[in-house]
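Down below is the structure, laid out as C-alpha cells.
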Amino acid sequence: MQVTTKGTSLNPNAKVWQEIPAQQNDIPEVSEDSSCPDEYPTSEDVEHPDLGYLVFDAQGDSAIDTELSKEEVVIEESLRESLKKRLEFCFSRENLSKDLYLISQMDSDQFIPIWTFACMEDIKALTTDMDLILEVLRASPLVQVDEAGEKVRPNHSRCIIILREVPETTPVEEVEDLFKSENCPKVLGVEFAHNSNWYITFQSDMDALQEKRR
C-alpha cells in the first residue's frame, strides 16, 4: 500500500509498508457459503480423561457407618440378654435347690462371690468382661449385689425356706404336718422344688426366720 505525504522533507518516492501479523494470515476466509454447525457437542458426548482419582461418597460412607453401629448395638443387646438369662437361671429356686457347688459358695447371708460365676464355662463362652457381668447382675431384679460389687445373692422372698432331703413321692399333707406344731408359724404354701427339696412359704420374713432357727 503506497502513501503519499505532503509538506515534508521525506522522499516523495518513499513507500510505507504496513506489516500484517503473521498469525492473521492463518485466519480462514469466510464465504457466504460457509455456515455454522447446527448442533454443538454436549458434555455427555465429550470424553473425559481418566485422572486416576478415587471418588469419595461422604453420604454413602455415612450410611455404612450407621448400619455398622446398628449391628453392634443389636449384638451387644443380644449378649446382655443371653448373659442375663444364664445368670438368673443360676439363682433360680430350681437351680439352687440342686446346685451343691453354688450352695457351698454361699456365706451366712447367702452371698456368692461374683468371680464364681465369671469362672463358669458357659459364662466365659459369652464374655470374660467382669464389668459387664456386674452390670447385668445389678440390672436384674432377681438378684442383689453388695455395695462393693464383689458378691451377689438371690433376691427371693425371705418368707420362703427350703426343706431338704424330703423325697418327691412324699404326700404334700405329710410335709404340711411337719409345720403344724403350736410353736410353728402359719404356713401359706408347700411346693416341691427339685432333687428332694421343698419350698415352704410363710406369712412374713420373721416367721420364716423363726422357723429356720428352730
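For the sequence shown, counting from 1, position 37 maps to 79 in my numbering; every step adds exactly one. All C-beta atoms in this analysis are idealised placements derived from N, C-alpha and C, irrespective of residue type, glycine included.
By the C-beta criterion, the stretch 128–146 is judged to be in contact with the stretch 235–243, since at least 3 inter-stretch pairs fall below 8 Å. Spatial neighbours of I204 in its own chain (CB-CB distance under 6 Å, excluding positions within 5 residues in sequence) are listed in chain order as N239. Secondary structure note for K193: its beta strand (DSSP E) is the uninterrupted segment K193 to P196. Its chain contains R122, L125, K126 and L129 as the residues whose beta carbon lies nearer than 8 Å to that of V178, once the 5 sequence neighbours on both sides are disregarded; these appear in chain order.
Nearest C-alpha to V229 among I202, M162 and R206: I202.
Under a 10 Å Cβ-count criterion, V194 is classified as buried, with 16 or more other Cβ atoms of the shown protein chains found around its own Cβ. For Q147, the three-state secondary structure derived from DSSP is helix. Distance between Q186 and E216, taken at the CA atoms: about 34 Å. Counting only residues of its own chain and dropping the five nearest sequence neighbours on each side, F159 has a CB closer than 7 Å to the CB of L129, C132, I165 and I175.
Secondary structure note for F159: its alpha helix (DSSP H) is the uninterrupted segment I156 to A160. Listed as beta-bridge partners of E233 by DSSP are Y241. At a Cβ-Cβ threshold of 7 Å, M148 and I154 count as neighbours.
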